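A.B. asks: Numbering of the sequence shown is given in the UniProt record's numbering, commencing with residue 1 and proceeding in unit increments. We treat Cβ as the ideally placed atom computed from N, Cα and C, and that holds for glycine. These numbers were taken from a predicted model, which means no experiment stands behind them. Dumping the structure here so I can ask a few things about it.
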Amino acid sequence: MEVELKAPNGKSWSQPVGLFINNEFVKSSNEQKLASINPTNEEEICSVYAATAEDVETAVSASRKAFKDPSWKGLSGTERGALMTKLADLVAENAEILATIECLDNGKPYTVALTENVPEVVNVLKYYAGYADKNFGQVIDVGPAKFAYTVKEPLGVCGQIIPWNYPLDMAAWKLGPALCCGNTIVLKLAEQTPLSMLYVAKLIKEAGFPPGVVNIINGHGREAGAALVQSPGVDKIAFTGSTATGKEIMKMASATMKNITLETGGKSPLIVFEDADLELAAMWSHIGIMSNQGQICTATSRILVHEKVYDAFVDTFKSKVKEISVVGDPFEENTFQGPQVTKAQYDRVLGFIESGKEEGATCMLGGEPAPINGKGFFVAPTVFTNVKPSMKIFREEIFGPCVAVVSFKTEEEAIELANNTTYGLGSALFTKDLTKAHRVAREIEAGMVWINSSNDSDYRIPFGGVKQSGIGRELGEAGLAAYCNIKSIHVNMTA
Ligand code: NAI
Ligand code: MG
Numbered sequence: 001m002e003v004e005l006k007a008p009n010g011k012s013w014s015q016p017v018g019l020f021i022n023n024e025f026v027k028s029s030n031e032q033k034l035a036s037i038n039p040t041n042e043e044e045i046c047s048v049y050a051a052t053a054e055d056v057e058t059a060v061s062a063s064r065k066a067f068k069d070p071s072w073k074g075l076s077g078t079e080r081g082a083l084m085t086k087l088a089d090l091v092a093e094n095a096e097i098l099a100t101i102e103c104l105d106n107g108k109p110y111t112v113a114l115t116e117n118v119p120e121v122v123n124v125l126k127y128y129a130g131y132a133d134k135n136f137g138q139v140i141d142v143g144p145a146k147f148a149y150t151v152k153e154p155l156g157v158c159g160q161i162i163p164w165n166y167p168l169d170m171a172a173w174k175l176g177p178a179l180c181c182g183n184t185i186v187l188k189l190a191e192q193t194p195l196s197m198l199y200v201a202k203l204i205k206e207a208g209f210p211p212g213v214v215n216i217i218n219g220h221g222r223e224a225g226a227a228l229v230q231s232p233g234v235d236k237i238a239f240t241g242s243t244a245t246g247k248e249i250m251k252m253a254s255a256t257m258k259n260i261t262l263e264t265g266g267k268s269p270l271i272v273f274e275d276a277d278l279e280l281a282a283m284w285s286h287i288g289i290m291s292n293q294g295q296i297c298t299a300t301s302r303i304l305v306h307e308k309v310y311d312a313f314v315d316t317f318k319s320k321v322k323e324i325s326v327v328g329d330p331f332e333e334n335t336f337q338g339p340q341v342t343k344a345q346y347d348r349v350l351g352f353i354e355s356g357k358e359e360g361a362t363c364m365l366g367g368e369p370a371p372i373n374g375k376g377f378f379v380a381p382t383v384f385t386n387v388k389p390s391m392k393i394f395r396e397e398i399f400g401p402c403v404a405v406v407s408f409k410t411e412e413e414a415i416e417l418a419n420n421t422t423y424g425l426g427s428a429l430f431t432k433d434l435t436k437a438h439r440v441a442r443e444i445e446a447g448m449v450w451i452n453s454s455n456d457s458d459y460r461i462p463f464g465g466v467k468q469s470g471i472g473r474e475l476g477e478a479g480l481a482a483y484c485n486i487k488s489i490h491v492n493m494t495a
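Here you go:
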């Protein structure tokens, strides 16, 4: 159930390849597997077992049993928090291996995985570990005839479906609050990046979680994912991924009226007002679209710039992209941008770039593949100017290092352009005018607004969208609401 792997940075480890059910790695029922590809050299890393619908049911049953078992149900919040802290410590101890796996399987720069992604897992687990004994109900005083109080109770078995852009972090955002509240979990990983969380599964067992509390499976979306969403044994589905799949999940979850939270796509605006610090705006604009190979749901992929500073901004932004966005082998220390995660994503991004050119936008930087030694799913960082709001590159989520820059004349026009989208996830604005900043922040239809930064998210602050960007919130105290019921208890005090 394990294979020995070695990465270009010299790290070697035993990679689990099974389905993690009841704290054991097992084969899939028909022994089907899926191959994980290294997007840097297009070679297969290894293959892992892919769950069938039957395997999903096995995992769900294990999770149901664990939910009722005194070894989990009987724990106090403090004890659950201690297990989570232990897991966080083990993740920190294994940071280099986890960052290596993430770099190999996803293509993100090793230094980013090591200094940002793995620490995020540790922080999120510790944050929610701290909440495990501080998330309680209320006594509601309605007079002497009745004693009323609320209890926060876990939902039960949570099915969690995550994407490939942040395999470790998306798992942590979902595991943290779910475990904190006392739920049990079946986590389905993305088929493109199955490896890092299977390694974390070993650490979950080592930390001492009882069998069945956390089950981690790989499998295809339409098979394993759909089976999880439809299973009558699952009480809740939490999903991060595309808006199209999110809608399918809503439909499938309706049959058993499951509690759902969805974190889906975006086409987030970044507004640069006339009085903005252009250097600062260009720096964050670069971070906001070019980080993580542009594969971020909150990527600020539409930059709206006041016409008076348009040319000056574009010049500064262009030189930032040229200077910082070094495309290369993700194990190289000076690499900022690795390959897109898969051939499919690479083709999709290049398709959008073609459409931008065909629709008449000006491709002023990039706009082409950027292979390393003739290999890999690399796309040159791409900047389009002269973009019209009717163009596909302005309307649709590209999920790659490609940005559309548009000009506006007035604050009203900027707000209208910003809100001219079916999405509503992130947004950013740059101005030195304090009242304008807060006024515009209120007008933008989005779950999050960054003033004078972009994609500056924080695990202590709620994260989520409006419109077709999702339902519910993750992170922060608000993230707990997705994982517990409030039960009201009425006690009649009259004789
Ligand atoms: P996807 O939404 O299809 O996949 C995300 C997860 O959902 C994966 O674990 C997948 O196995 C699962 N899934 C797929 N179909 C399912 C189904 N019918 N029932 C249950 N689970 C299912 O996204 P995909 O195809 O990998 O990427 C396509 C586009 O989606 C990207 O180009 C990007 O625009 C967007 N996306 C957005 C993400 C975000 O963070 N909001 C993350 C990944 C993709
Ligand atoms: Mg891969």
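Which one or two residues does DSSP pair with I161 in a beta bridge?
C.D. replies: Bridge partners of I161: K188, F239.
A.B. asks: So V214 is in the beta strand (DSSP E); what residue range does that whole segment cover?
C.D. replies: Taken as a continuous stretch (DSSP letters only), the beta strand (DSSP E) holding V214 covers 214–217.
A.B. asks: Ligand 1 and S454: does any heavy atom of the ligand fall closer than 6 Å to the residue's C-beta?
C.D. replies: No, the Cβ of S454 stays beyond 6 Å of every heavy atom of ligand 1.
A.B. asks: In whole angstroms, what separates the C-alpha of K343 from that of F377?
C.D. replies: Cα-Cα distance, rounded: 6 Å.
A.B. asks: Quick check on the DSSP output: the alpha helix (DSSP H) that includes H286 runs from which residue to which?
C.D. replies: That run of the alpha helix (DSSP H) goes 278–290.
A.B. asks: Does ligand 1 have even one heavy atom less than 6 Å from the beta-carbon of R395?
C.D. replies: No, the Cβ of R395 stays beyond 6 Å of every heavy atom of ligand 1.
A.B. asks: Which two residues bound the contiguous beta strand (DSSP E) that contains P16?
C.D. replies: 12–16 is the extent of the beta strand (DSSP E) around P16.
A.B. asks: So which of E359, V229, N9 has the shortest CA-CA distance to L104?
C.D. replies: Nearest C-alpha to L104: N9.
A.B. asks: Could you tell me the distance, in whole angstroms, from the CA atom of G143 to the CA atom of K487?
C.D. replies: If you take the alpha carbons of G143 and K487, they lie about 20 Å apart.
A.B. asks: Report yes if the C-beta of T240 is less than 6 Å from at least one heavy atom of ligand 1; otherwise report no.
C.D. replies: It does: the Cβ of T240 is within 6 Å (strictly closer) of some heavy atom of ligand 1.
A.B. asks: Using only alpha-carbon positions, find the residue among V3, E333, I489 that is nearest to L198.
C.D. replies: With distances taken between Cα atoms, L198 lies closest to V3.
A.B. asks: If you draw a straight line from the alpha carbon of V157 to that of H306, how long is it in whole angstroms?
C.D. replies: V157 and H306: Cα-Cα distance of roughly 50 Å.
A.B. asks: Rounding to the nearest angstrom, what Cα-Cα distance links L280 and L270 in this structure?
C.D. replies: Each residue's alpha carbon lies about 13 Å from the other.
A.B. asks: Is the beta carbon of S454 less than 7 Å from the beta carbon of T300?
C.D. replies: Their beta carbons are under 7 Å apart, which means S454 touches T300 by this criterion.
A.B. asks: Is the closest heavy atom of ligand 1 to the C-beta of P163 under 6 Å?
C.D. replies: Under cutoff, so the answer is yes.
A.B. asks: Taking the CB atoms as reference points, tell me whether P462 and A482 lie closer together than 7 Å.
C.D. replies: Taking 7 Å as the Cβ cut-off, P462 and A482 do not qualify as a contacting pair.
A.B. asks: Below 6 Å, is the gap between the Cβ of V229 and the nearest heavy atom of ligand 1?
C.D. replies: It does: the Cβ of V229 is within 6 Å (strictly closer) of some heavy atom of ligand 1.
A.B. asks: Helix, strand or coil: which one does DSSP assign to F273?
C.D. replies: If DSSP states are grouped into helix, strand and coil, F273 belongs with coil.
A.B. asks: Using the three-state DSSP reduction, which class does I249 fall into: helix, strand or coil?
C.D. replies: I249 falls in the helix class under three-state DSSP.
A.B. asks: Report the option in K236, A226, Q295, N135 whose CA atom is closest to the CA atom of T245.
C.D. replies: It is A226 whose Cα lies nearest to the Cα of T245.
A.B. asks: Taking T298 as the reference, give the member of G265, H286, V186, S285 with the closest Cα.
C.D. replies: Taking only the C-alpha atoms, the option nearest T298 is G265.
A.B. asks: Can you give the beta carbon distance from V491 to K146, rounded, assuming they're within the 8 Å contact cut?
C.D. replies: With a Cβ gap of about 7 Å, V491 and K146 count as contacting.
A.B. asks: Given this structure, state the Cα-to-Cα distance separating V124 from K86, to the nearest angstrom.
C.D. replies: V124 and K86: Cα-Cα distance of roughly 13 Å.
A.B. asks: Can you tell me whether DSSP reads Q295 as helix, strand or coil?
C.D. replies: Three-state result, Q295: coil.
A.B. asks: Does I398 come out as helix, strand or coil in the three-state DSSP assignment?
C.D. replies: Coil at I398, not helix or strand.
A.B. asks: Here's a check: name, in chain order, each residue in its chain whose Cβ is nearer than 7 Å to the Cβ of E443, leaving out the five neighbours to either side.
C.D. replies: Closer than 7 Å at the Cβ level, and outside the excluded window around E443, lie I415.
A.B. asks: Could you check if A35 is buried or exposed, using at least 16 other CB atoms within 10 Å of its CB as the buried criterion?
C.D. replies: Looking at its Cβ environment, which holds fewer than 16 other Cβ atoms inside 10 Å, A35 is exposed.
A.B. asks: With distances taken from CA atoms, which of S61, I489, P369 is nearest T40?
C.D. replies: That would be P369, whose Cα lies nearest to the Cα of T40.
A.B. asks: For S71 and K65, what's the separation of their Cα atoms in angstroms?
C.D. replies: Their Cα atoms are separated by approximately 11 Å.
A.B. asks: Please name the residue in W173, E79, V186, V48 whose C-alpha comes closest to that of N23.
C.D. replies: Considering only alpha carbons, the answer is V186.
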